[in-house]
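Chemist: Got a structure for you, written out below as structure tokens; questions coming shortly.
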Amino acid sequence: MEKEKAERAKNLLDEIDRLHDIKDATEKESSHWWSFLSPDTKRWSNDGLVMPDILRQKFVEAVDAAITEKEYELKEL
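Going by the numbering used here, the sequence shown opens with residue 2, and the numbers climb by one from there.
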């Protein structure tokens with residue numbers, strides 16, 4: 002059981018790290034436009050779909066909420 006708990010904690014810490022990397026990137030790039038990239042939208046001639054301000058705001062809120070949720074899960078282990 003302890004091994005499973007340790008593995009779960011490691012996975013949560015890795016996920017929290019990745020979320021913080023995303024949060025850091027959004028804070029550094031707040032004054033620049035963002036784009037949505039997928040295999041269907043990325044082409045040599047463009048950089049994806051421009052993300053409107055409202056989606057940028059909602060995305061930042063979602064990242065913050067995800068960090069809070071994962072930190073709570075880690076605390077509950």
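Even glycine gets a Cβ: it sits at the ideal position worked out from N, Cα and C. Just so you know, these numbers come straight off a predicted model, no measurement behind them.
Let's test the definition: count the other Cβ atoms within 10 Å of the Cβ of Lys6 and tell me whether it reaches 16, buried, or not, exposed.
Modeler: exposed
Chemist: Measure the alpha-carbon distance for Phe37 versus Leu56 and round it to whole angstroms.
Modeler: 10 Å
Chemist: Below 6 Å CB to CB, which residues in the same chain sit around Asp48 once its five sequence neighbours on both sides are set aside?
Modeler: Ser36
Chemist: Quick check: the Cα distance between Ile107 and Glu28, rounded to an integer number of angstroms?
Modeler: Outside the shown range of the chain, which is 2 to 78, sits residue 107, and nothing can be said about it.
Chemist: Quick check on the burial criterion: 16 or more other C-beta atoms within 10 angstroms. Buried or exposed for Lys71?
Modeler: buried
Chemist: Tell me which same chain residues have a C-beta within less than 8 Å of the C-beta of Glu74, skipping the five on either side of it?
Modeler: Once the five neighbours on either side are set aside, the close Cβ partners of Glu74 are Leu13.
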